[in-house]
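For reference, the structure is listed below as structure tokens.
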Amino acid sequence: KEKFEGRMVQVNYYIADLYGDPDLVTDVWSSPLAVLVRDTDNETFKHPVVRKVLQLKWEKFGLHIFLVNEIVFAVILTLFMMTHVFHHGAYCDMYHTVLELCL
43 KEKFEGRMVQ VNYYIADLYG DPDLVTDVWS SPLAVLVRDT DNETFKHPVV
93 RKVLQLKWEK FGLHIFLVNE IVFAVILTLF MMTHVFHHGA YCDMYHTVLE
143 LCL
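Numbered according to our numbering, the sequence shown spans residues 43 to 145.
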């Protein structure tokens with residue numbers, strides 16, 4: 043495209059090659075984004091095309107995996123806290139100790 047002084051130029055990018063096709067790439071570390079991570083600096087990730095690809099990948103895969111992991115962590119934390127409270131509560135009642143010592 044031509045560049046006009048003082049005007050913006052519209053550029054179309056096709057992100058299919060950067061997004062990657064899982065049927066064509068069997069090794070995850072040879073995917074286009076993995077190559078960017080391995081071989082470039084942080085300035086590359088400020089480009090609008092790379093940011094859009096990362097946003098699409100996050101919305102399609104990353105967000106779901108992140109939320110599932112957080113829910114599992116919250117369940118484990120809740121079970122741990124309930125077990126801790128019930129265990130110490132039974133211990134305090136059984137030996138008639140002062141409540142402040144159990145806390």
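C-beta: ideal position from N, C-alpha, C; glycine also.
{"Asked": "Alpha carbon to alpha carbon, what distance is there between histidine 106 and isoleucine 118?", "Found": "19 Å"}
{"Asked": "Kindly list the residues whose CB is nearer than 8 Å to the CB of serine 73, restricted to its own chain and excluding five residues on each side of it in sequence; keep chain order.", "Found": "Gly62 and Val67"}
{"Asked": "Helix or strand or just coil, what does DSSP make of glutamine 52?", "Found": "coil"}
{"Asked": "Do the segment 49-63 and the segment 84-100 make contact, defined as three or more Cβ pairs closer than 8 Å?", "Found": "yes"}
{"Asked": "Label valine 77 either buried or exposed according to how many other C-beta atoms from any shown protein chain fall within 10 Å of its C-beta, with 16 as the threshold for buried.", "Found": "exposed"}
{"Asked": "Suppose you measure from the CA of glutamate 85 to the CA of glutamate 112; what does that come to, to the nearest Å?", "Found": "30 Å"}
{"Asked": "For the segment 92-138, list the alpha helix (DSSP H) runs that are entirely contained and at least 4 residues long, ordered along the chain.", "Found": "105-137"}
{"Asked": "To the nearest angstrom, report how far apart threonine 82 and threonine 120 are at their CA atoms.", "Found": "42 Å"}
{"Asked": "Would you decide whether valine 95 is buried or exposed? Buried here means 16 or more other CB atoms lie within 10 Å of its CB.", "Found": "buried"}
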